[in-house]
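All remarks here apply to the structure that follows.
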Amino acid sequence: MPQLAIAVTVVLNVEIVLKTNFNPSEKHLAHIKNWLIEEWNETNRGFYCNWNIIENEYAKNNVAVITENDFVIGFVVYRIYEFQAVIDIAETKPTERKKGIARKLINDTLDYFGQKGALVCELFCSPENSEPFWKRIGFENFPDLPHNSKISMYKPLVETLKPTEKAETATKISLWNCEPYQADREKAKWNWDLNFIEDKKTLTKPIIFPVSSDWQVELTKNGQKIVSGKVKRFRIDLAENGSFMIIRKLTL
8 MPQLAIAVTV
18 VLNVEIVLKT
28 NFNPSEKHLA
38 HIKNWLIEEW
48 NETNRGFYCN
58 WNIIENEYAK
68 NNVAVITEND
78 FVIGFVVYRI
88 YEFQAVIDIA
98 ETKPTERKKG
108 IARKLINDTL
118 DYFGQKGALV
128 CELFCSPENS
138 EPFWKRIGFE
148 NFPDLPHNSK
158 ISMYKPLVET
168 LKPTEKAETA
178 TKISLWNCEP
188 YQADREKAKW
198 NWDLNFIEDK
208 KTLTKPIIFP
218 VSSDWQVELT
228 KNGQKIVSGK
238 VKRFRIDLAE
248 NGSFMIIRKL
258 TL
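In terms of this note's numbering, the sequence shown is residues 8 to 259.
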């Protein structure tokens, strides 16, 4: 009598748990290395060429990962300074791209930066074709800066005062995209109308804007010019390497 072959399909409902982790283990670092090597061997692309940087920043606790059931499928290498955070590398495992993984990882990382006191996040696009992704999650391009050929982008982590082409009030900050000796022949490129809280010193919203520290900046109060000169000589907060003009309070 012929035997009947019976096929049994068992469906296992396995819950997928995505988690962003800012204190990854060496096991997680090994996951990253394995799939970076695999991508490099298959495509000659990816960030395995930057492995020394990744490993060094991991030792400083400057690596965040996103895991699926505790297996790393994306990571970020970053630095945090007093006012500013910098994303150096952001990568997703090739098989997990275009699934929203990178968006979740970056948004969680930006929240973390804010909790640490950073006011703005900076990066440059590598590869250059990553620019549309960063724009979709709210990053903006730097203005043209001297000696900067990279596609640099930034995102404020707090609500900020936005610049306008022309100020509407007599109390304002004006910024030129040139040095003081050239500013006499040019109109200010950006202007901020200033509003203060009750102490009349603290702005209702801070100004956070990428600058060259040699650009001309000017403070006008009630129509009277108070300060005019290079950004780096203005008594304001300058983020790491002077790449951002951050104004929260005026004591002049």
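Built from N, CA and C at the ideal position, the CB exists for glycine as well.
First through last residue of the alpha helix (DSSP H) which encompasses residue i
i	result
TRP183	Careful: TRP183 lies outside any alpha helix (DSSP H) and carries neither H nor E.
PHE260	Nothing about residue 260 can be read from this structure; the chain reaches only from 8 to 259.
ARG110	108-122
Per-residue burial, residue i [other beta carbons within 10 Å of its own, 16 or more giving buried]
i	result
PRO163	buried
ALA125	buried
GLY179	It should be pointed out that residue 179 corresponds to Lys in this sequence rather than to Gly. Per the 10 Å Cβ criterion, buried.
ILE23	exposed
GLU205	exposed
ILE233	exposed
THR99	buried
PRO134	exposed
Proximity test, residue i beta-carbon vs the ligand GTP heavy atom, cut-off 6 Å
i	result
GLY230	No copy of the ligand GTP occurs in the structure displayed, which carries no ligand at all.
Own chain partners of residue i with C-beta closer than 6 Å, once the 5 adjacent residues on each side are dropped
i	result
GLU103	ILE80
ALA14	Note that ALA14 has pLDDT 49, beneath the 50 cutoff, so the model's placement of it is unreliable and the number below is only indicative. Counting only Cβ-Cβ distances below 6 Å, and skipping sequence neighbours, we find nothing.
GLU225	SER181, SER235
PRO223	It should be noted that the sequence gives Gln, not Pro, for residue 223. Correct list, in chain order: TRP183, PRO187, ALA190.
ASP44	Rather than Asp, the amino acid found at residue 44 in this sequence is Ile. These residues qualify, in order along the chain: TYR55.
VAL18	Residue confidence is low: VAL18 scores 48 on pLDDT, short of 50, so the model does not pin down where it sits. No coordinate-derived value is stated.
Chain-order list of residues whose beta-carbon lies under 8 Å from that of residue i (same chain, five-residue window excluded)
i	result
ASP221	PRO153, GLU186, LYS237, VAL238, LYS239
CB contact check: residue i to chain B, cutoff 7 Å
i	result
VAL72	Reference to chain B is not applicable here, since this structure consists of a single protein chain.
Backbone secondary structure at residue i - three-state DSSP
i	result
CYS128	strand
TYR65	helix
ARG192	coil
LEU164	coil
PRO101	helix
VAL17	For VAL17, the predicted model reports a pLDDT of 47, less than 50, meaning its position is unreliable; a value from the coordinates is still stated below. Here VAL17 sits in coil by DSSP.
LEU43	helix
ILE233	strand
ARG52	coil
ALA12	Reliability fails at ALA12, whose pLDDT of 49 lies under 50, so the model's placement of it is uncertain and the value that follows must be treated cautiously. Correct three-state label for ALA12: coil.
ILE158	coil
Other residues of its chain near residue i: CB distance less than 7 Å, five sequence neighbours each side excluded
i	result
TRP199	LEU168, PRO170, LYS179, ILE180, ILE214
LYS208	LYS256, LEU257, THR258
PHE260	One cannot answer for residue 260 here, as it falls past the ends of the chain, which runs 8 to 259.
Residue i, enclosing beta strand (DSSP E) - first and last residue
i	result
THR227	223-228
PRO213	209-217
Handout entry: Sufficient close CB pairs (3 or more, under 8 Å) joining the region 115-130 to the region 82-102
Key = yes
Exercise for the section: Assess, as a yes-or-no matter, whether the region 24-35 is touched by the region 63-71 under the definition of 3 or more beta carbon pairs within less than 8 Å. Expected result: Contact between the region 63-71 and the region 24-35 is present, because at least three Cβ pairs lie under 8 Å.
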